[in-house]
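Trainee: Mind having a look at this structure? Questions to follow.
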Amino acid sequence: MSKLFVISAPSGGGKTTIVKSILERHPEFAFSVSATTRPKRAVEVEGRDYFFLGREEFEQLLREDALVEHEVIYGNYYGTLKREVNRVLDRKENMLFDIDVRGGLSIRRVYPKESVLIFVEPPSIDILRERLRNRKTEDEETFQRRMDRVAMELERGKEFDYRVVNDKLDVAIEEVQAIVTKHLSAE
Ligand code: ADP
Ligand code: 5GP
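Sequence positions in the sequence shown follow my numbering and run 19 to 205.
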C-alpha cells in the first residue's frame, strides 16, 4: 500500500528544508506538486515546486473537480491535484506532501489508511519570526499575514499523528526520517 507522508508547519517552520532532505534520502518518493495562484519566487521552478496558475485557471480546476483539497492561504489558492495523487496510488509508490495543516487533515479524511501526518513545530514563536525574516522572501504585509495564521496552525497541528520540534535542524530531520522508516517497514 502507498504511504502518503504529509509534512506541515507554520510558514518559516522548516518544512521545505525537511522535505528536501527526506527526498534526497528517498529519491524514489514522489513529491506532490501543488497548484497555486501565488507568484513564483526567484528560486522556484514551474512544475517542480508548484504549478503556478492564474486565478481563472485555478477556478477552472475547481469546476472540473480536479483537486483532492484546496485552501485559500494568504489570499492565494493552493491545492493538491487528484492526478498527482492517483498516479502514485496506481503505481503503489509513496508520496510526500508539503501542505498546510487544514490540507493535511483533508488528505487524511480522503485517504485514512495511507496517510501519515507529521507536524513540524518551531521551538517558539519568536524563533519562527526570526527564521521567516532571515529567509527574506516576504515583504512586510505577507510576513504579517503569515504570522497571523500561526496560532490556528499550532492548534490544528495537535490533530496530526506526529509532532516534531524543529530546534536543531539535523535532529528534526532524523526524527522525521525515523517516522518515515517506521511506516515503510510496517508494510
Ligand atoms: P517553511 O517551508 O516551513 O516555510 P523553510 O524550510 O523555508 O520553512 O525554513 C524557513 C527558514 O528557516 C529557512 O531560511 C531555513 O533555512 C531556516 N531553518 C529551517 N530550520 C532551521 C533550524 N532548525 N535552525 C535554523 N534555521 C532553520
Ligand atoms: P508557500 O507560499 O510558503 O510555498 O506555502 C504557503 C502554505 O501553503 C504552506 O503552509 C504550504 O505548505 C501550503 N501549501 C502548499 N501547497 C498546498 C496545497 O496543495 N494545499 C494546501 N492546503 N496547502 C498547501
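C-beta atoms are modelled at their ideal positions from N, C-alpha and C, and glycine is treated no differently.
Tell me whether the beta-carbon of R174 lies closer than 9 angstroms to the beta-carbon of R120.
Mentor: Less than 9 angstroms separates the beta-carbon of R174 from that of R120.
Trainee: Given K58, which residues of its chain have a CB within under 6 angstroms of its CB, disregarding the five upstream and five downstream residues?
Mentor: Correct list, in chain order: F70.
Trainee: Of the choices S29, F49, I40, K186, whose alpha-carbon is the least far from that of V103?
Mentor: In terms of CA proximity to V103, F49 leads the group S29, F49, I40, K186.
Trainee: If you compare alpha carbons, which of L172, F23, Y68, F161 is closest to A53?
Mentor: Y68
Trainee: Rounded to whole angstroms, what's the CA-CA distance from E87 to K100? Just pull it up for me.
Mentor: 9 angstroms
Trainee: Rounded to whole angstroms, what's the CA-CA distance from D157 to E192? Just pull it up for me.
Mentor: 32 angstroms
Trainee: Suppose contacts are defined by Cβ-Cβ distances below 9 angstroms. Is L146 in contact with P28 by that definition?
Mentor: Taking 9 angstroms as the cut-off, the Cβ atoms of L146 and P28 count as close.
Trainee: Quick check on I136 - is its C-beta less than 9 angstroms from some C-beta in chain D?
Mentor: No chain D appears in the structure shown, which is made up of a single protein chain.
Trainee: Just grab the DSSP bridge partners of H88 for me.
Mentor: DSSP, once it has assigned bridges, lists G97 as partnering H88.
Trainee: Does the ligand ADP have a heavy atom nearer than 8 angstroms to the CB of L187?
Mentor: yes
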